[in-house]
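Working notes for the structure below.
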Amino acid sequence: MSQPKIVVLGAGYGGLTTVAKLQKKLGVNDAHITLVNKHDYHYESTWLHEVAAGTLHHDRGRMKITDLINSAKVNFVQDTVTAIKPDEKKVELTNGVLEYDYLVVALGFEAATFGIPGLLENAFTIGSINQSRLIRQHIEYQFAKYNNESVQKQERLNIVVGGGGFTGIEFLGELANRVPELCEEYDIDRSKVRLINVEAMDTIMPGFDPELIEYAMNSLEARGVEFKLGAFLKECRPDGITIEQNGVREDIPTLTTVWAAGVRANHLVEESSLEDNRGKVEVDANLRAPSHKDVFVVGDCALIWNKEIDRPYPPTAQIAMQEAEICAHNLIALIKGGELEEFEFINRGTVCSLGEKDAMGSIFGGKKLFGWSASVMKKVIDNRALFKIGGVGLVLKKGKFNIFG
1 MSQPKIVVLG AGYGGLTTVA KLQKKLGVND AHITLVNKHD YHYESTWLHE
51 VAAGTLHHDR GRMKITDLIN SAKVNFVQDT VTAIKPDEKK VELTNGVLEY
101 DYLVVALGFE AATFGIPGLL ENAFTIGSIN QSRLIRQHIE YQFAKYNNES
151 VQKQERLNIV VGGGGFTGIE FLGELANRVP ELCEEYDIDR SKVRLINVEA
201 MDTIMPGFDP ELIEYAMNSL EARGVEFKLG AFLKECRPDG ITIEQNGVRE
251 DIPTLTTVWA AGVRANHLVE ESSLEDNRGK VEVDANLRAP SHKDVFVVGD
301 CALIWNKEID RPYPPTAQIA MQEAEICAHN LIALIKGGEL EEFEFINRGT
351 VCSLGEKDAM GSIFGGKKLF GWSASVMKKV IDNRALFKIG GVGLVLKKGK
401 FNIFG
C-alpha cells in the first residue's frame, strides 16, 4: 500500500502546529507529508505590530521553516498556492501541481476593506513581515523628512490607525512608546505628533471586560493616543482620510493610515469548490469541510460557531493552534486507525499588549490582569506558542525573557 499524501498549505500557527504534531507522531513510512509556504520562514503574526512600530527587529519575529521541521518526514515546498481543486484532489502552485489524499488548508488571512474608497490603494496593513517592515520604514521617513522641508507638513506627523481591535490597539501601544524615541532622534516636539485611532463601534476591544477596556484607554491616552469612537472611515486618500462621527464629517490630513479593522480568509478558499460561508469554510466537528471529507481547514480559513453566544469564534493564534492539534490527531487516526476527536475550544484567556511594560487581559476563568503582571503573562503566552511549534530550542533562541521591560 502506498503512503497517503498529506499536503499542508501555509506555515502559520495552524499549519506549522499541524506539521509539528504529525512529524512527532507519524513514522517516515506512515505518510508522505508536504508543507507549502510562500516564504522560507514562519513569522509570529502576533508580533507583527511590534515590527511595524519599530520596537522589534523583523528577524527576531521570523524563523526558518527548515529549522522547525524534520526533513526526513516533511517535504518543504517554497511556492505560492494559486488554486485549490478539491474535486480533483489537487493544489495548483505557481511552479507546479501537488496531488493529495488529505489536505490541510491553513492559508491565513487577508485584509477586509469593506469597499471603503481608496483604502486598498492608500492604507498600510499589518499582514506580513514585509508589510510591517514597510510601515516602520515609512513612519521613520516621515519623521526624518519633517525638518528637511522649508514648509513643515503636519500630515507627516499624523498617524491614523483604523480599528480598535486587538491588532490596532497593540500597534498603538507600541507606537506610543516608539514616538518619543523618534521625536528625540529627529528633533521634533512630541506635542506635534498625533496618534489617532478610528473605530466604528462605540468601544475599543469589543467583548473585553469594561474595566479592562477602561484601563487600556487610560493607558494609551496618557501616552498621547486620541480615540475617535463611533467614527466611520468614509474615504482614504494619499494625503488624508475622511471620517463620519455622529453624522458629522471630518477630514484628517495624514500620510500614514494603517488599516487594522478587519480580516477575511484567504481568497483562494472562496474561489475553490469548497462550500463556504462568507469566504470561510464552516467545518464539521472534526474540522473537515462538509463537502469534502478529505479536506481539513484550520485557522483564519475555518468558521466555527461559539454556540454559547451564537457567533463565530474570532480568528486568534490560540484557537488556530488548538484546531491544529485536533486536525493532526484526526489525520493520524485516519492513517493509523483510531477515533476521530471533535474540536472544543478551551479558552485559556486573552492578554492584549499595550507596549513593552504594559498590558491587560483575563486568564484562568476570568481573572483580570493589569500592567506589569499582564505584560509578564503576555510574554509567557508568546513563549508557549514558540514551544508548541519548535520546542525548547526555539524558545531559547527567539523567546521573550526580559520580564522587567
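Here the sequence shown is numbered in full-length UniProt numbering, starting from 1 and rising by one per residue.
Beta carbons are placed, not taken as given, at the ideal position from N, Cα and C, and that holds for glycine.
Treat the numbers as computed from the prediction; the structure is a model and nothing was measured.
- Within 10 angstroms of the beta-carbon of Gly96 lie fewer than 16 other beta-carbons, which makes it exposed.
- A direct Cα-Cα distance of roughly 21 angstroms separates Trp47 from Ala20.
- The beta-carbon distance between Asn177 and Thr350, rounded to whole angstroms, is 21 angstroms. This is too long to meet the 8 angstroms contact definition.
- When the Cα atoms are used, Arg62 and Gly393 turn out to be separated by approximately 14 angstroms.
- Rounded to whole angstroms, the Cβ separation of Val263 and Ala385 is 19 angstroms, and the two are not in contact under 8 angstroms.
- A distance of 8 angstroms or more separates the beta carbons of Val74 and Val36.
- Within the same chain, Asn197 come within 6 angstroms of Phe227 by CB-CB distance, once the 5 residues on both sides are set aside.
- Counting along the chain, the unbroken alpha helix (DSSP H) around Pro180 starts and ends at Phe166 to Glu185.
- Excluding sequence positions up to five before and after Phe232, its CB lies within less than 6 angstroms of the CB of Ala200 and Glu244, all in the same chain and listed in chain order.
- Inside the region 206-233, DSSP marks whole beta strand (DSSP E) runs of 3 or more residues at positions 225-229, from first to last along the chain.
- In the three-state scheme derived from DSSP, where H, G and I count as helix and E and B as strand, Ala20 is classed as helix.
- Ranking Lys336, Glu211, Glu181 and Ile188 by CA distance to the CA of Gly366 puts Glu211 first.
- Between the region 327-345 and the region 12-28 there are three or more inter-stretch CB-CB distances shorter than 8 angstroms, so the stretches are counted as touching.
- In this structure, the beta-carbon distance from Ile159 to Leu175 falls below 8 angstroms.
- Sequence-distant partners of Pro4 (beyond 5 residues in either direction) whose C-beta falls short of 6 angstroms from its own C-beta, in its chain, are Ala31, Asp101 and Ile335.
- A direct Cα-to-Cα measurement between Val105 and Gly15 gives close to 8 angstroms.
- When DSSP states are grouped into helix, strand and coil, Lys145 belongs to the helix group.
- Leaving aside the five residues that flank Leu182 on each side, the residues in its chain whose CB is nearer than 6 angstroms to its CB run, in chain order, Phe143.
- Taking C-beta atoms under 8 angstroms as the contact rule, Ser272 and Ile135 fail to qualify, at a distance of about 31 angstroms.
- When the five nearest sequence neighbours on each side are left out, the beta carbons in the same chain lying within less than 6 angstroms of the beta carbon of Gly361 are those of Thr350, Val351, Cys352, Leu369 and Ala374, in order along the chain.
- By the C-beta density criterion, Pro86 is buried, having at least 16 other C-beta atoms within 10 angstroms.
- Contact check for Thr80 and Leu93: beta-carbon distance about 6 angstroms, within the 8 angstroms limit, so the pair qualifies.
- Under the three-state reduction of DSSP, Arg60 is assigned to helix.
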